[in-house]
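Protein sequences appear in the order of chains D and P.
Oh and the first sequence: position 197 is 197 in our numbering, straight run, nothing missing.
Numbers in our numbering are just positions in the second sequence, counted from 1, shifted up by 1000.
Protein chains: 2
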Amino acid sequence: MAKEKKVQRITDMEVDFAQWYTDICRQAELIEYASVKGFTILRPYGYAIWENMQNIMDGEFKKTGHVNVAMPVLIPESLLKKEGELVNGFAPECAWVTHGGGEKLEERLAFRPTSETMFCDHWSNILTSYRELPMLYNQWCSVIRWEKTTRPFLRSREFWWQEGHTIHETAEEAIAETEQQLNCYADFYENVLAIPVVKGRKTDKEKFAGAEATYTVECMMKDRKALQGATSHYFGDKFSRAYDVTFTGRDNTQQYPFQTSWGSTTRMIGAVIMTHGDNNGLVLPPKVAPYQVVIVPVAAHKPGVLDKARELFDTLKAAGVRVHLDDSDQSPGWKFAQYEMKGVPVRLEIGPKDIENGQCVLVRRHDGEKVVTALDGLAEAVQEQLTVVHNGMYERALKNLTENTFEAHSLEEAKKIQEEKGGFIKTMWCGDLECELAMKEQAGMSSRCMPLEQEHLDDVCPICGKKAKAMVYWGVAY
Amino acid sequence: MAKEKKVQRITDMEVDFAQWYTDICRQAELIEYASVKGFTILRPYGYAIWENMQNIMDGEFKKTGHVNVAMPVLIPESLLKKEGELVNGFAPECAWVTHGGGEKLEERLAFRPTSETMFCDHWSNILTSYRELPMLYNQWCSVIRWEKTTRPFLRSREFWWQEGHTIHETAEEAIAETEQQLNCYADFYENVLAIPVVKGRKTDKEKFAGAEATYTVECMMKDRKALQGATSHYFGDKFSRAYDVTFTGRDNTQQYPFQTSWGSTTRMIGAVIMTHGDNNGLVLPPKVAPYQVVIVPVAAHKPGVLDKARELFDTLKAAGVRVHLDDSDQSPGWKFAQYEMKGVPVRLEIGPKDIENGQCVLVRRHDGEKVVTALDGLAEAVQEQLTVVHNGMYERALKNLTENTFEAHSLEEAKKIQEEKGGFIKTMWCGDLECELAMKEQAGMSSRCMPLEQEHLDDVCPICGKKAKAMVYWGVAY
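In structure tokens:
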């Protein structure tokens, strides 16, 4: 029996948000499941989004002097174990290679869950003098963390990411690097992905294994849950000491460099889906959309329509717009639904009447607005619309974040707000783990971060009544 | 005790070619060894070369409609075993993951040695109709093959590569794809890496495990040994049948698509080193050089020199030249040696006298030629020199290839030439494995390929005396 192309149909997000999310991942052809449990395939359309993210972010990293390298994917167990907190954090999630070339290995090797250990080992071999500092390295690769439950882009046994690793002569420089890269992520989320973020510092409970401080950008999804967008860590000289990374300082003494690492992953695609998507499918920010514009000819059989469509394609392409012309024999209605599912930011409709009037219709994906546009000066008009789209998407996401951020003055109040409305709930906090655990147990929320922009809501911690040290954002997180 | 930066010093290639090669890899800071035996680290300078290669080649792939994807890195043993020839070819070299998340896995997973199996498995899930064909996929990733002896870039347990995988409606289209990608590699070698190649087809003994036909580009190194540059394979419908990949054809019957795969690796960096390098270090083709030009100020302390050097830097950068200004306090002599080691194609010297005369000196790395150049119109002059460099490097490599390709009419003659001169030796061949093995055993040479441009040297196979079927290139290969 002949296989047939499945009809596209997705669950409404109000009915089942999780299913809606998975439906988009599949129907927009971003991912497909693989034969290995918990692993996914990034399909061409999904990978093209990731490629655009990589290109833009890599350019930003290079502007500030970072260079790319490639480290081995396998880490000897003994090397991984040199820093106790790190190995305790990651060893339970490691995949282990035990055999190679038909023989049992003398020592098992971990598929990298993160590469601090490899970078430190490398630096311990090559670093000699303060003159070589800072070393500002990054790598694009995949890592494995053996998660029990998985979800496309958000939690997958293998995921693709960049991991930046740097060493510096002084603590001040390393701290400045940590902050610079946090800001780099925040700018990327806001200016590229059209997603507003809350910048802050993680509590000790939530920080990266072995880090002295972890900074994060937190975003709010359409279901008002939190998503950790990217993180930036400061290690002090803890790893340098554990891995014996040293250099001759300006004063001719042996010193330990200060270290950072920072990472962002394909999870950003998940953030885009859950921040901007709707019941017709994906809605892509123009800067990472594989196609920014799709041209759909209407009454394509009429003389001159396809020629004009091709001419407009050439015009937009020459102007640097990522444009796709669908001149297939599918109906315009099918095409409309198809490219809505795929989240193409702007649809350009052109038919015989339009050509007669020297115009076309631009339809914005995110708000459905139709803009009748003169063919004369089309490229500029399209660029303008792409900016309108980006800003419109950002504003809508910001509204969601702002309207769903609440303050609470007691654990009970926090719990009630979370149950009734969800979102981010801010309270003061004494800094004790016990109160953090109480919020988790009683209100189901983890601490998202201590925002860099602090507010004074109360004098005391609303959980224990002790003196408050900081304001915390709480939420239910992916 | 303070560590000190090692003095650069490399072995002469005439003394010990293998050691000369390794010395360049280390001293030009392309690679460093890792704590895992047989694995290497691509350092920033080495990775930057690879990035340039990737960018150019990826652009070429996209021009012909290929798209990138990411497949899981781990392959279940049962999936790998579905196609017998492939598993026999690769299983002995696999690294196996046996434990994940603290538990023994039910089935062990191979770190991909190549991904035909994963692509076929994926296609068996998503392909429905001839309308979706061809599927022209590629991925950039690393693979593991557990080699016994390793050498930087040439043979390493982990290496970085691209693997293209495509399926087509007809055998003709798949064969055309195989040829197109072979030509793509040949063009890349010649136009980008300045390395001439011999295009040909592999014998059955040397072809890819499971392929119906393997095509190759073969290059000759400075020691007159052969290096397989890249390969392109045609599979017929063998894998489609093994993995049950089917589609509904134009006639509404279920059909198996025809498949290709093609790959090139970081080994290309090794080819560059051994084709162009000399006793002063690396010599890089301008199109992949991280820096195409290095500006070295002479008498930099004299007024105006550094300012002028910076001005020239800005001029060249604005013109799209990859340029580096070394304004450090090292001596010009040290800098000359340093950038010769790193293979920068053009050195630009600028001192007070030059400024007075409105000129600078361009020194070409590959032939040491000094070209006094007016500062007026510098960018164009530099671009011109980069073309001169590329062409000069190509011509020199072509001379090496041409002058060291010989014909032989008996096994004894072939053996004698190989012992005395090395290089490629061409003979006729009957097509039998026995004769191929005899050449290997008695003259130490493997068949490199049956060139697409055939010549008629004899009527019979010089090894067995039977009727000749094709002309073969023989050589000692890396």
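In this text, a Cβ means the ideal position worked out from N, Cα and C, and glycines have one as well.
Using only CA atoms, which one of the options lies nearest to residue i?
{"i": "D/Cys184", "options": "D/Asp367, D/Arg151, D/Ile56, D/Thr150", "result": "D/Ile56"}
{"i": "D/Asp16", "options": "D/Gln254, D/Cys219, D/Ala408, D/Asp223", "result": "D/Asp223"}
{"i": "P/Leu1109", "options": "D/Pro113, D/Asn125, D/Tyr291, D/Thr98", "result": "D/Thr98"}
{"i": "D/Gln442", "options": "D/Gln454, D/Leu316, D/Gly475", "result": "D/Gly475"}
{"i": "D/Trp161", "options": "D/Gly229, D/Phe258, D/Met445, D/Glu349", "result": "D/Gly229"}
{"i": "P/Pro1480", "options": "P/Phe1247, P/Pro1257, P/Trp1429, P/Phe1313", "result": "Look at the range of chain P in this structure, 1001 to 1478, and you will see that residue 1480 of chain P is not part of it."}
{"i": "P/Leu1105", "options": "P/Leu1133, P/Asn1125, P/Pro1076", "result": "P/Pro1076"}
{"i": "P/Arg1205", "options": "P/Met1471, P/Arg1448, P/His1456", "result": "The displayed chain sequence assigns Lys, not Arg, to residue 1205 of chain P. Ranking the options by Cα distance to P/Lys1205, first place goes to P/Arg1448."}
{"i": "D/Ala194", "options": "D/Gly392, D/Asn88, D/Lys421", "result": "D/Gly392"}
{"i": "P/Ala1397", "options": "P/His1366, P/Ser1410, P/Val1323", "result": "P/His1366"}
{"i": "D/Cys219", "options": "D/Met439, D/Lys469, D/Phe424", "result": "D/Phe424"}
{"i": "P/Leu1086", "options": "P/Lys1238, P/Ile1350, P/Thr1405", "result": "P/Lys1238"}
{"i": "P/Tyr1243", "options": "P/Val1460, P/Cys1025, P/Asp1121", "result": "P/Asp1121"}
Quick check on the DSSP output: the beta strand (DSSP E) that includes residue i runs from which residue to which?
{"i": "P/Arg1347", "result": "1346 to 1350"}
{"i": "D/Thr98", "result": "95 to 100"}
{"i": "D/Val198", "result": "198 to 201"}
{"i": "D/Ile31", "result": "31 to 33"}
{"i": "P/Met1428", "result": "1424 to 1429"}
Can you tell me where the alpha helix (DSSP H) with residue i in it begins and where it stops?
{"i": "P/Arg1241", "result": "1238 to 1242"}
{"i": "P/His1122", "result": "1116 to 1126"}
{"i": "D/Glu340", "result": "332 to 341"}
{"i": "P/Gly1495", "result": "No information on residue 1495 of chain P is available, as it lies outside the stretch 1001 to 1478 that chain P covers here."}
{"i": "D/His276", "result": "267 to 276"}
Quick check: residue i and residue j, are their CB atoms within less than 9 angstroms of each other?
{"i": "D/Tyr473", "j": "D/Arg155", "result": "no"}
{"i": "P/Thr1214", "j": "P/His1233", "result": "yes"}
{"i": "P/Ser1261", "j": "P/Gly1164", "result": "yes"}
{"i": "P/Asn1357", "j": "D/Glu51", "result": "no"}
{"i": "D/Lys302", "j": "D/Pro345", "result": "no"}
{"i": "D/Ala379", "j": "D/Gln359", "result": "no"}
{"i": "D/Leu74", "j": "D/Thr117", "result": "no"}
{"i": "P/Gln1292", "j": "P/Val1382", "result": "yes"}
{"i": "D/Lys199", "j": "D/Glu407", "result": "no"}
{"i": "P/Asn1279", "j": "P/Trp1096", "result": "no"}
{"i": "D/Ala289", "j": "D/Arg267", "result": "no"}
{"i": "P/Gln1180", "j": "P/Thr1064", "result": "yes"}
{"i": "P/Asn1125", "j": "P/Ala1209", "result": "no"}
{"i": "P/Ala1070", "j": "D/Ile41", "result": "yes"}
{"i": "D/Met13", "j": "D/Gly277", "result": "yes"}
{"i": "D/Leu348", "j": "D/Val363", "result": "yes"}
Consult DSSP for residue i and reduce its assignment to one of helix, strand or coil.
{"i": "P/Gly1377", "result": "coil"}
{"i": "D/Met57", "result": "helix"}
{"i": "D/Asn68", "result": "strand"}
{"i": "P/His1366", "result": "coil"}
{"i": "P/Gln1292", "result": "coil"}
{"i": "D/Arg145", "result": "coil"}
{"i": "D/Leu154", "result": "coil"}
{"i": "D/Met13", "result": "coil"}
{"i": "P/Arg1108", "result": "strand"}
{"i": "P/Glu1004", "result": "Confidence in P/Glu1004 is poor, its pLDDT being 38 and thus under 50, which makes the residue's placement too unreliable to answer from."}
{"i": "P/Leu1284", "result": "coil"}
{"i": "P/Ser1078", "result": "helix"}
{"i": "P/Lys1205", "result": "coil"}
{"i": "P/Tyr1234", "result": "strand"}
{"i": "P/Pro1134", "result": "coil"}
{"i": "P/His1301", "result": "coil"}
{"i": "P/Ala1213", "result": "strand"}
{"i": "P/Ile1195", "result": "coil"}
Pull up the CB-CB distance for residue i and residue j, whole angstroms please, since I reckon it's below 8 angstroms.
{"i": "P/His1390", "j": "P/Lys1287", "result": "7 angstroms"}
{"i": "D/Cys490", "j": "D/Phe119", "result": "With chain D covering 1 to 478 only, the question about residue 490 of chain D has no answer from this structure."}
{"i": "D/Ile463", "j": "D/Cys435", "result": "4 angstroms"}
{"i": "P/Ile1295", "j": "P/Leu1282", "result": "Contact flag wrong, Cβ pair sits at about 19 angstroms."}
{"i": "P/Ser1078", "j": "P/Glu1107", "result": "6 angstroms"}
{"i": "D/Phe247", "j": "D/Thr128", "result": "6 angstroms"}
{"i": "D/Phe90", "j": "D/Thr114", "result": "7 angstroms"}
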